[in-house]
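Structure first, then comments.
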Amino acid sequence: MPALAPIIVIPARLGSTRLPGKALADIDGRPMIVHVWERACAAAIGPVVVATDAPEIARAIEIVGGQAVLTGGSHVCGSDRLGEAVSTLDPQGRHGAVVNLQGDQPFLPDGALEAALALLDDPSVDIGTLACPTRPEEAGDPNVVKLVGAALTRHRLRALYFTRAAAPFGEGPRLKHIGVYAFRRAALERFVSLPPSPLELRERLEQLRALEAGMRIDAALLDKAAPSVDTERDLNALRAAAREQDTK
């Protein structure tokens, strides 16, 4: 693992389709992006940088002592933004692994980033990610991305597909994808060199570009995960949870 010298990059933009401005949404007195940055720093697996097209987001991170890099505004997905940021920050290629922590994960569980990164110990894995069991009400929710995979061990699987639909069909558990990607550096460079793929555009899921190109994605299974923020309802639920935590 030390040979990979990982770096964590948090892609963030103001123009979110489902919840514009969510990166700066207030949660317990601080912007959401600051909460995400703090979780990344707490993992202590490498330097943490926010990659954004918005000076407002960059300022929010710099105010708390963090590092931000401005990128272009036309990226199709967060991992494309990641690629630009890393090429600017590390043209020498010192970081052999790049962790994409999506900016809507303000309360990621302890050990989650380490679990995704550890999947790269297998040299055949291009990208490591995370999943956990869905709750019954999430099965048909298109805002909850489902991961379909083949079990390798009790806590690890190889991803076969990602979808917003209720999948796989039939009785049995379903898995919720968690927005973390640990890229091998060469895999990230290949990913950003590819055009958006048909399934990626259809499902609006960037990880399908990698699968369609034959890249291997493995997932570590967590028991549960804190909710991401995709809608106003999600944001209000997190604000309520943060207020409740403050009163304990």
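Taking my numbering, the leading residue of the sequence shown gets 1334, the next gets one more, and so forth. Think of the CB as a built atom: it goes at the ideal place given N, C-alpha and C, for glycine as much as any other residue. On a predicted model such as this, the values are computed, not experimentally measured, just so you know.
Applying the 10 Å Cβ sphere with the 16-neighbour rule, what's the burial state of D1413?
buried
Between P1335 and the rest of its own chain, which residues show a CB-CB distance below 6 angstroms, the 5 nearest in sequence each way excluded?
Its pLDDT being 47, under 50, P1335 is placed unreliably by the model, and the measurement read from it follows with that caveat. Taken in chain order, the list of residues that qualify is empty.
Apart from the five residues on each side of it in sequence, which residues of its chain come closer than 6 angstroms, Cβ to Cβ, to D1386?
R1346, T1404, G1406
What is the residue span of the alpha helix (DSSP H) that R1491 lies within?
Premise fails: R1491 lies in the beta strand (DSSP E), 1489 to 1496, not in any alpha helix (DSSP H).
Residue range of the alpha helix (DSSP H) that includes T1486
No alpha helix (DSSP H) holds T1486; the beta strand (DSSP E) holding it covers 1479 to 1486.
Between which two residues does the beta strand (DSSP E) containing T1385 stretch?
1381 to 1385
Supposed contact pair I1343 and L1357 - C-beta distance, whole angstroms, cut 8 angstroms
About 13 angstroms separates the two Cβ atoms, so there is no contact after all.
Please identify the residue among G1399, L1493, L1452 whose C-alpha is closest to the C-alpha of G1482.
L1493
H1368 by DSSP, collapsed to three states: which one?
helix
My understanding is that P1506 touches P1466, with C-beta atoms under 8 angstroms, so please give their C-beta distance in whole angstroms.
6 angstroms
For L1485, collect the residues of the same chain with a Cβ closer than 8 angstroms to its Cβ; drop the 5 residues on either side in sequence, then sort them by chain order.
R1491, D1551
Applying the criterion that 16 or more other CB atoms from any shown protein chain within 10 Å of the CB defines a buried residue, is I1394 buried or exposed?
buried
4-residue-minimum alpha helix (DSSP H) runs that sit fully inside the region 1496 to 1559, ordered along the chain
1518 to 1526, 1531 to 1536, 1540 to 1545
Would you decide whether P1456 is buried or exposed? Buried here means 16 or more other CB atoms lie within 10 Å of its CB.
exposed
Indicate the three-state DSSP secondary structure (helix, strand or coil) for V1432 in the structure shown.
strand
What residue does the alpha helix (DSSP H) around G1416 start on, and which one ends it?
1411 to 1422
Do V1381 and I1300 come within 8 angstroms of each other at the CB atom, strictly closer than that value?
This structure gives no information on residue 1300, because the portion of the chain shown stretches from 1334 to 1581.
So, does the region 1434 to 1443 touch the region 1532 to 1542, judging by three or more C-beta pairs under 8 angstroms?
no
Spatially closest choice to A1498 from A1338, S1530, T1462, E1470, by CA coordinates
E1470
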